[in-house]
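When the letters of the sequence shown are read in order and numbered with the numbering used here, they come out as residues 3 to 98. These notes concern the structure reproduced below.
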Amino acid sequence: MTARFTRRDVIFATAAGAVAAAWPRLGAGQHGAMTLTDLGGELVLVEGAGANVVALATADGLLLVDGGAEAHAAALQRVLAERWPGRPIEMAFNTK
3 MTARFTRRDV
13 IFATAAGAVA
23 AAWPRLGAGQ
33 HGAMTLTDLG
43 GELVLVEGAG
53 ANVVALATAD
63 GLLLVDGGAE
73 AHAAALQRVL
83 AERWPGRPIE
93 MAFNTK
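Structure below.
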């Protein structure tokens, strides 16, 4: 017995494959609010940036451990600017 595919079957399978491949990116833009948890002193944990981000505020600016997901970069910068106005991100260490 040989399988016979119609043009409709091929188009449906192609569309389903495209959606499946893009699925992680489709949900990336939908996220809740970021939360900041004080870890003591000028050290905070930021959750909701696509990864856990640790920020340390110094007189020269901010040091980040992990930068979060690219889709959340603007929101992360906004949250950090609200917490520490006028302190730019000076250094970031990205981990995997």
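Glycine included, C-beta positions come from ideal geometry on N, C-alpha and C.
In the three-state reduction of the DSSP assignment, E84 falls in the helix class, which pools H, G and I. When DSSP states are grouped into helix, strand and coil, E44 belongs to the coil group. Residue nearest to K98 within the set Q79, A75, R85 and D68 is D68 (criterion: CA-CA distance).
Here V56 has L47 and V67 as same chain residues with Cβ atoms under 6 Å from its own Cβ, once five neighbours each way along the sequence are excluded. Setting aside the 5 residues that flank it on each side, A94 is surrounded in the same chain by L66 and G69, each with a C-beta closer than 7 Å to its C-beta; the list follows chain order.
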